[in-house]
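Numbering (this note's numbering), first residue to last: 110 to 578.
Shown next as structure tokens:
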């Protein structure tokens, strides 16, 4: 990143070779995207959102970029969607979007940097942009593409800038904009918080990109500011609502506050609750299975890649449920280490999801939609479908429903992805209007998280099971 990078350098296969990665399958998935198909859906969704005023932010420093995952259910009234989770500024898979879609999405990151530039107090003050990476990041090429987009745009606007890693960082460098790239462990050794600034080695950090930085930051004052009024923090956090996007139960709660408008776009609501201890999780599952005669799914807090996400079928007894809970926690600790806490757990009703024919079997799939804030408007950018590793049999095996292309047992399996196109819509048994609904739902849910942030973050009545009318 210290040299000028040409367009050909950013071609996935060539870029992968320079980083020691094989990105042929990424390039193939990108080829399955159809810009004209997505452009038409986006245009139609934006018209619907404009009529509802469902994607306008009154305060532009509340949200910049995110993604959101849905699964699909067949009903007598057609396709319905149910929400799996939201993701913030560290979402993955951006390199399988088309170049046009990537540039739209990276405008969200640019909005955050531009806001920091406008807010700086002195003309001579440099803007420090801290970018966090997962340890041994297997998708590091996506950060290269993002940084190069931002560098070119900012240089075009006349700014001087320099990119450093943790080893060659020069705090005395005179560039107006400094990109500092490091993994989360490296950053944690040097980060602090004072006078409403996140600091790196006592320097003010103006922009924080990477939810893992904020998530691992255990400063009490910082966490109080995030919960009570994150807009008081001087550092621009690309995903300041990470406390909600990290917590699946809070994401579901956000959708429960907007049932009426979300139902218009065919969101299907599922019962859910949250448990704060292993004992409470076991007791709640026993009560739910007995009362509702349904299967449920348990999800640890702040997880990713399906780690710890397991089905508890309605046929399980107390001993079996306890074993599933132990297995879930082991998966979580194996991936994240014992410094991370899987509690509170979310319990969600297991949905009746539809299946598609895929490579000789029936498979589940989900749909990830990427969104970005551009000029105070949350816009849907594009997305992809992700198909489960295993054929669906009873829905009790993890590989039957975990669809993540990265993070599953340390593997990256991009070949299970499908871009958005008319051809792939047919494989997924979806119509054009289904994608329009998904684009609208994605923007509305993020906007409602921002608008109801205090109500969501302060909710405490988890003794009840949250159902919907």
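Backbone N, C-alpha and C fix where the C-beta goes; we use that ideal spot for every residue, glycine too.
No experiment lies behind these values; they were computed from the predicted model shown.
Close-in-space but distant-in-sequence residues of the same chain around residue i (CB under 8 Å, 5 per side omitted)
i, result
"residue 565", "353, 359, 362, 363, 366, 558"
"residue 355", "197, 320, 324, 410, 411"
"residue 328", "301, 302"
"residue 128", "249, 250, 253"
"residue 70", "Within the shown structure, residues of the chain are numbered from 110 to 578, placing residue 70 beyond reach of any answer."
"residue 295", "275"
"residue 229", "236, 315"
"residue 180", "190, 191, 193, 460, 462, 473, 474, 475, 476"
Contacting residues, own chain, Cβ-Cβ under 6 Å from residue i (five flanking each side not counted)
i, result
"residue 132", "121, 122, 125"
"residue 438", "451"
"residue 118", "none"
"residue 551", "177, 478, 480, 489"
"residue 522", "514"
"residue 331", "302"
"residue 544", "150"
Three-state secondary structure (DSSP) of residue i
i, result
"residue 442", "helix"
"residue 364", "helix"
"residue 146", "helix"
"residue 482", "strand"
"residue 523", "helix"
"residue 550", "helix"
"residue 487", "strand"
"residue 115", "coil"
"residue 132", "coil"
"residue 326", "coil"
"residue 498", "coil"
"residue 575", "strand"
"residue 121", "helix"
"residue 353", "helix"
"residue 359", "helix"
"residue 318", "strand"
"residue 346", "strand"
"residue 141", "coil"
"residue 503", "coil"
"residue 281", "coil"
"residue 449", "coil"
"residue 508", "helix"
"residue 170", "helix"
Residues bridged to residue i (per DSSP)
i, result
"residue 175", "480"
"residue 467", "470"
"residue 454", "384"
"residue 184", "187"
"residue 155", "In DSSP, residue 155 forms no bridge with anything."
"residue 288", "238, 272"
"residue 165", "486"
"residue 493", "477, 528"
"residue 421", "405"
Same chain, Cβ closer than 7 Å to residue i, five either side skipped, listed in chain order
i, result
"residue 215", "255, 258, 259"
"residue 571", "382, 383"
"residue 464", "471, 472, 473, 501"
Cβ-heavy atom distance, residue i to the ligand SAH, below 7 Å
i, result
"residue 570", "As for the ligand SAH, it is missing from this structure, which has no ligand bound."
Quiz item: Going along the chain, which unbroken runs of the alpha helix (DSSP H) with 4 or more residues stay wholly within the region 366-419?
Solution: 368-373, 387-401
Quiz prompt | Segment contact flag, the region 277-287 with the region 141-149, C-beta cutoff 8 Å, min 3 pairs | solution = no
Quiz item: So does the region 381-392 actually touch the region 449-466, counting three or more Cβ pairs closer than 8 Å?
Solution: yes
Quiz item: Where in the region 290-316 do unbroken runs of the beta strand (DSSP E), each at least 3 residues long, occur, reported from the N-terminal end onward?
Solution: 300-303, 306-309
Quiz item: At a cut of 8 Å, does the region 469-478 reach the region 492-511 through at least three beta carbon pairs?
Solution: yes
Quiz item: Fully enclosed by the region 193-273, which beta strand (DSSP E) runs are 3 residues long or longer?
Solution: 236-242
Quiz prompt | Three CB pairs or more closer than 8 Å across the region 286-294 and the region 395-410 | solution = no
Self-check item: Contact the region 242-249 vs the region 340-349: 3+ CB pairs below 8 Å
Solution: no
Self-check item: Segment contact flag, the region 479-495 with the region 198-218, C-beta cutoff 8 Å, min 3 pairs
Solution: yes
Exercise. Specify whether the region 170-178 and the region 204-212 touch according to this definition: at least 3 beta carbon pairs, one from each stretch, less than 8 Å apart.
Key: no
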